[in-house]
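Each remark here refers to the structure printed beneath this line.
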Amino acid sequence: MISFEDPAPGSSRRWVILVIGSLNFVLSMFYRVSVAVISPALIREMDMTSGQLSDLSAAFYYAFAAGQIPLGIAIDRFGPRRSMCVLAVAAIAGAVFFAVGETPGHLIAARALLGIGMSGNMMVLLALVAVWFPVDRFASLSGMAIAVGALGNLLAATPLALLSLTVGWRGCFLIFAAINLVVVVTYILVIRDHPDGTYRVRTTPEPLLRGFVSLTRMFSFWAISVSNFVRYGFFAALQSLWLGPFLVFGMGRSEVEAGNALLFVGIGYMAGLPLWGSISDGVLKSRKKVVLPTMVVFCLVTFSFLLWDSTVPSFLVMAVFFLLGFLAAPGQILYAHIKELVPPSMVARAMTSVNLFTILGVGAMIHFLGFFLGDNPASLKGLDGYRLLWYVGGISIAVVCVLYSFVPDTCAKDSRTDTQ
Numbered sequence: 003m004i005s006f007e008d009p010a011p012g013s014s015r016r017w018v019i020l021v022i023g024s025l026n027f028v029l030s031m032f033y034r035v036s037v038a039v040i041s042p043a044l045i046r047e048m049d050m051t052s053g054q055l056s057d058l059s060a061a062f063y064y065a066f067a068a069g070q071i072p073l074g075i076a077i078d079r080f081g082p083r084r085s086m087c088v089l090a091v092a093a094i095a096g097a098v099f100f101a102v103g104e105t106p107g108h109l110i111a112a113r114a115l116l117g118i119g120m121s122g123n124m125m126v127l128l129a130l131v132a133v134w135f136p137v138d139r140f141a142s143l144s145g146m147a148i149a150v151g152a153l154g155n156l157l158a159a160t161p162l163a164l165l166s167l168t169v170g171w172r173g174c175f176l177i178f179a180a181i182n183l184v185v186v187v188t189y190i191l192v193i194r195d196h197p198d199g200t201y202r203v204r205t206t207p208e209p210l211l212r213g214f215v216s217l218t219r220m221f222s223f224w225a226i227s228v229s230n231f232v233r234y235g236f237f238a239a240l241q242s243l244w245l246g247p248f249l250v251f252g253m254g255r256s257e258v259e260a261g262n263a264l265l266f267v268g269i270g271y272m273a274g275l276p277l278w279g280s281i282s283d284g285v286l287k288s289r290k291k292v293v294l295p296t297m298v299v300f301c302l303v304t305f306s307f308l309l310w311d312s313t314v315p316s317f318l319v320m321a322v323f324f325l326l327g328f329l330a331a332p333g334q335i336l337y338a339h340i341k342e343l344v345p346p347s348m349v350a351r352a353m354t355s356v357n358l359f360t361i362l363g364v365g366a367m368i369h370f371l372g373f374f375l376g377d378n379p380a381s382l383k384g385l386d387g388y389r390l391l392w393y394v395g396g397i398s399i400a401v402v403c404v405l406y407s408f409v410p411d412t413c414a415k416d417s418r419t420d421t422q
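Counting in our numbering, the sequence shown runs from 3 upward without gaps.
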């Protein structure tokens with residue numbers, strides 16, 4: 003039974019939590035995709051191969067994914083605030099170590115530490131939104147929060163390219179380590195795990211093993227998890243790494259031009275998050291009717307890259323990149339979808355388990371695509387060298403579209419008349 007009562011009517015703290023939590027998520031999104039813009043500099047400075055670049059970018063996501071199961075347990079048992087305190091130390095240390103790394107191995111280790119530190123930024127925020135706001139506002143508010151977080155994608159595009167030209171990529175990461183410290187300390191001071199008094203949600207936690215076994219027996223859990231594994235995995239692999247070399251080495255664009263184009267991927271993603279969440283909550287009143295059609299169109303746009311040539315004008319590149327981000331954004335609704343398919347005592351574990359596959363998908367897709375693209379991205383001259391990128395991504399997305407089509411639809415508002 004879904005309760006539609008407001009858990010904290012009139013609370014101003016919950017809005018502060020939402021704002022600061024969203025700003026904290028900006029840092030996670032920045033660190034995720036920052037390698038794409040600085041990858042040409044890393045290739046020149048450290049003579050990094052495609053395999054090393056793949057390892058560098060993927061290390062963040064593998065470490066991030068490894069943290070999801072213990073994070074879900076920690077949030078369910080110890081609360082978001084204490085969980086965030088532990089992760090903050092790893093995050094700041096990882097940014098500093100990356101800035102001072104002297105070898106590819108040092109940078110890969112630092113990225114892994116960053117991945118652990120950032121592994122709770124979104125899940126802590128979603129867990130707090132789930133207990134501080136009414137259930138039928140979850141998709142729209144989480145979309146709004148993640149949209150603010152997507153500013154990190156924008157910061158990792160043209161602004162990072164320009165800042166890197168001024169202070170170097172090492173200086174950039176020292177600056178962001180300092181910003182990280184200020185934001186996370188403020189966030190921890192503001193967080194309360196639940197509204198005070200009678201608004202606290204009380205549930206009886208399931209035994210840990212039973213909870214995870216229950217999830218693994220659900221077809222919908224696997225379908226949603228695999229869908230996000232491929233959908234976000236491919237999108238983030240493009241945004242965080244492969245779109246940069248594609249534009250610079252494949253299309254012959256400058257690094258600043260590549261940064262400008264990547265900026266539009268982030269803008270599209272940021273614009274789509276609150277819009278699709280609001281459409282899901284209030285217009286179509288459906289999760290599936292938003293996620294499935296947009297995923298199908300995302301697949302078609304992926305295949306459309308096979309028709310490109312080097313004369314494609316910059317405005318069209320930016321428009322298609324905007325569309326990529328815009329169509330990838332509805333994936334966040336899958337967290338609301340799985341949340342509504344499990345009991346309240348398992349919400350954090352269900353969302354972090356889906357997030358495990360979501361983030362693991364990025365690392366896997368980065369390496370998978372890197373395998374097809376070869377050892378040296380600088381040697382892939384012209385668009386023909388990147389054709390497999392679009393074939394592999396398009397076919398993979400088409401498969402999960404079919405898989406997700408069998409998941410039963412949910413929407414909290416549809417259940418209102420059944421629970422009153």
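For each residue, glycine too, the CB sits at the ideal point set by N, CA and C.
DSSP three-state call for residue i: helix, strand or coil?
i: residue 103; result: coil
i: residue 205; result: With a pLDDT of only 47 at residue 205, under 50, the local geometry of the prediction cannot be trusted, and the value read off the model is given with reservation. In this structure, residue 205 counts as coil in the three-state DSSP scheme.
i: residue 3; result: Here the model assigns residue 3 a pLDDT of 42, short of 50, so the residue's position is not dependable and the matter cannot be decided.
i: residue 310; result: coil
i: residue 51; result: coil
i: residue 237; result: helix
i: residue 82; result: helix
i: residue 196; result: coil
i: residue 296; result: helix
i: residue 320; result: helix
i: residue 411; result: coil
i: residue 247; result: helix
i: residue 158; result: coil
i: residue 216; result: helix
i: residue 345; result: coil
i: residue 30; result: helix
i: residue 315; result: coil
i: residue 284; result: helix
i: residue 12; result: coil
i: residue 96; result: helix
i: residue 254; result: coil
i: residue 289; result: coil
i: residue 327; result: helix
i: residue 117; result: helix
i: residue 173; result: helix
i: residue 384; result: coil
Quick one: using the 10 Å Cβ neighbour count with 16 as the cut-off for buried, is residue i buried or exposed?
i: residue 256; result: exposed
i: residue 204; result: Only weak support is given to the placement of residue 204: the predicted model assigns it a pLDDT of 45, under 50, and the question is left unresolved by the model.
i: residue 321; result: exposed
i: residue 160; result: buried
i: residue 235; result: buried
i: residue 311; result: exposed
i: residue 345; result: exposed
i: residue 401; result: exposed
i: residue 141; result: buried
i: residue 413; result: buried
i: residue 180; result: exposed
i: residue 240; result: buried
i: residue 342; result: buried
i: residue 293; result: buried
i: residue 384; result: exposed
i: residue 316; result: exposed
i: residue 386; result: exposed
i: residue 340; result: buried
i: residue 407; result: exposed
i: residue 226; result: buried
List the endpoints of the continuous alpha helix (DSSP H) containing residue i.
i: residue 369; result: 349–375
i: residue 144; result: 140–151
i: residue 400; result: 389–406
i: residue 276; result: 257–280
i: residue 134; result: 123–134
i: residue 338; result: 335–341
Between residue i and residue j, is the Cβ-Cβ spacing less than 8 Å?
i: residue 97; j: residue 116; result: yes
i: residue 193; j: residue 19; result: yes
i: residue 362; j: residue 63; result: yes
i: residue 359; j: residue 230; result: yes
i: residue 238; j: residue 34; result: yes
i: residue 268; j: residue 39; result: no
i: residue 186; j: residue 93; result: yes
i: residue 233; j: residue 399; result: yes
i: residue 354; j: residue 125; result: yes
Which whole-angstrom value is the C-beta distance of residue i and residue j, which I expect to be below 8 Å?
i: residue 110; j: residue 73; result: Not a contact, Cβ separation roughly 22 Å.
i: residue 42; j: residue 134; result: Rounded, the Cβ-Cβ distance is 43 Å, inconsistent with contact.
i: residue 391; j: residue 244; result: 6 Å
i: residue 182; j: residue 29; result: 5 Å
Relative to the ligand GDP, is the shortest distance from any of its heavy atoms to the C-beta of residue i smaller than 7 Å?
i: residue 45; result: Looking at this structure, you won't find the ligand GDP or any other ligand, since it has none at all.
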